[in-house]
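Residue numbers for the sequence shown, in the working numbering: 624 to 1044. Glycine residues also receive a C-beta, built at the ideal position from the N, C-alpha and C atoms. All of these numbers come straight from a predicted model, not from anything done at the bench. Have a look at the structure below, then the notes.
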Amino acid sequence: MQLFERPGKGERVVLVHPATLFDAEDLEELIALAYAAGAKPLAVVQSSRREPDPRFFIGKGKVEEVKQAVAEHQAELVLFNHALSPNQERNLEQALGVRVVDRTGLILDIFAKRARSYEGKLQVELAQLRHLATRLVRGWTHLERQKGGIGLRGPGETQLETDRRLIKQRIRQIEQRLLKVAKQREQSRRARKKLALPTVALVGYTNSGKSTLFNALTQAGVYAADQLFATLDSTLRRLDLAWGSVILADTVGFIRHLPHELVAAFRSTLQETCEAEVVLHVIDASSEQRDAHSEAVYTVLNELGVERRRVLEVYNKLDRLARPPKLERDAEGRPRRVWLSAKTHAGLELLLQAVAEMLAGDIVRAKIHLLPREARLRASLFAVGRILQDEAAPDGGWNMEVELPVRHRKVLEGISKVALS
């Protein structure tokens, strides 16, 4: 289902930045979002009001100023750096004579361009349809008015009702398909749990360097660029630590006031974050807005129910600052913050050390003798533990000395039956 005809080249746009006392969005971020969507910003109109106007969000005087900017630059689109109600969007389009897209619609458009996987495309389409369902008049020109007369009378259902019904049907279809994908993800998670492989999830504000860090740790070759929402589809790779292996998950970047439609649509993808033993919160250390960006990420993590004690803050892009890599700990000596550069790989060993400490908890060391029929248990030890000694025994088995975390209970139960000390 194509919602709008997309022009073949970048659209000429006028940006509207309504910095109210209650909510002041970052103008530079709006410009970056516009470029990420393939638009060409030509002018910026800023306004400041104590309360949004119920009809236009901005005042009538500012509407005229935007209209003049549209005419002067021959703009095709107006982008608002705020969420608009369907009525406000409709009123602005009538007053300005061009399409109006709010912040939510802009982010959805970027996601639609960047989604590559089957699941990602379904998630984006679901979010778009939920957003569109409340504002059909804007996108569908045949809904502007109901025609009548000879040969034009319908069977009793208006075109608007027809399209709403079709959208509801399409939403149900996508939800059913996503449910199947979610079941497949759950099966994969259960398989990893059988292997006792813990999950470490990368989260962070968009363009904080998550994918660059992911590639530095795993050599995965995930697409990384200096732009907002460079990658959307989650990627899983195996990462070897000193005492064993983990699954590293790269997730979609967050942003301030991330549309609820996207949080809901990407919930199955973000489930990796919810169930991860350790969450790496990647922060752009060189950004002046890093504190605000960090709070935006924690807002989403709170919505997902992620506990702070599982979060390790990773201050990235240290190559832009004159500071050496370091590992900071809390009052109890637990890792809390790592300063590094994913681009130059400086400080990566500190990150691996911190992750290993957070995952390990209490370590059990055991000397064991395994019989030849216990080869599967031996493979599990190599997967989740640190092998200190592994020698062939005269009976065809193995004499081993291993270290592994106590949380691998199933493996520990198998060891307890054969442990020598």
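Going by the beta-carbon positions, is the gap between residue i and residue j smaller than 7 angstroms?
i, j, result
"H904", "G827", "yes"
"L1004", "V1025", "yes"
"A666", "A692", "yes"
"S964", "L941", "yes"
"I870", "T922", "no"
"A698", "V747", "no"
"V934", "V902", "yes"
"V723", "L731", "no"
"S831", "I906", "yes"
"P958", "E936", "no"
"L749", "I797", "yes"
"P709", "T757", "yes"
"V594", "V701", "Here the chain covers residues 624 to 1044 and nothing more, so residue 594 does not appear."
"R899", "Y938", "It should be noted that the sequence gives Ala, not Arg, for residue 899. Not a contact, by the Cβ cut-off of 7 angstroms."
Assuming residue i and residue j make a contact with CB atoms under 8 angstroms, what is their CB distance in whole Å?
i, j, result
"L745", "R793", "Rounded, the Cβ-Cβ distance is 11 angstroms, inconsistent with contact."
"T835", "F877", "That belief does not hold up - the Cβ atoms of T835 and F877 are roughly 17 angstroms apart, past 8 angstroms."
"V1007", "L975", "Not quite, the Cβ-Cβ distance comes to about 16 angstroms (not below 8 angstroms), so this is no contact."
"A872", "L840", "A872 to L840, Cβ: 12 angstroms. No contact."
"V929", "C897", "6 angstroms"
"L638", "P664", "5 angstroms"
"E688", "V668", "5 angstroms"
Among the options, which has the Cα closest to the Cα of residue i?
i, options, result
"N838", "N830, R860, V823 and T829", "R860"
"K990", "R946, G876 and N1022", "N1022"
"Q1012", "G1019, E997 and H992", "H992"
"K966", "A977, L944, A979 and A824", "L944"
"L707", "I790, D725 and I733", "D725"
"K736", "V1007, A660 and V937", "A660"
"A718", "I733, A694, N704 and L729", "A694"
"N704", "N710, D649 and G720", "D649"
"R879", "H916, D863, E900 and A908", "H916"
"K803", "E742, P958 and V668", "E742"
"R795", "L752, E712 and I1010", "L752"
"V978", "P709, E951, A998 and P1017", "E951"
"R808", "T858, D786, P1017 and E955", "T858"
"R996", "D1018, L982, E1014 and V987", "D1018"
"L862", "A642, E955, S671 and L982", "L982"
"R788", "R1009, K806, A998 and L755", "L755"
"S670", "P641, H696 and K690", "P641"
If you follow the beta strand (DSSP E) that residue i is part of, which residue opens it and which one closes it?
i, result
"T822", "T822 to G827"
"E614", "With the chain covering 624 to 1044 only, the question about residue 614 has no answer from this structure."
"T858", "T858 to D863"
"P958", "P958 to W962"
"F703", "L700 to F703"
"V636", "R635 to P641"
"S910", "Counting along the chain, S910 falls outside any beta strand (DSSP E), and DSSP gives it neither H nor E."
"K949", "K949 to R952"
"S868", "S868 to D873"
The ligand GDP and residue i: does the residue's C-beta get closer than 6 angstroms to at least one heavy atom of that ligand?
i, result
"F1005", "With respect to small molecules bound, the structure shown includes none, and the ligand GDP cannot be examined in it."
I'd like the span of the alpha helix (DSSP H) that includes residue i, first residue to last.
i, result
"P709", "P709 to L719"
"S1003", "A998 to V1007"
"K663", "Counting along the chain, K663 falls outside any alpha helix (DSSP H), though it belongs to the beta strand (DSSP E) covering K663 to S670."
"V723", "Segment R722 to V724 is the beta strand (DSSP E) holding V723; no alpha helix (DSSP H) there."
"G743", "Y741 to L755"
"Q691", "K683 to H696"
"I654", "L650 to A659"
### At least 3 beta-carbon pairs within less than 8 angstroms: the segment 677-692 vs the segment 651-659
No: fewer than three Cβ pairs fall under 8 angstroms.
### Query
Touching or not, the segment 959-978 and the segment 996-1003, by the rule of three or more beta carbon pairs under 8 angstroms?
no
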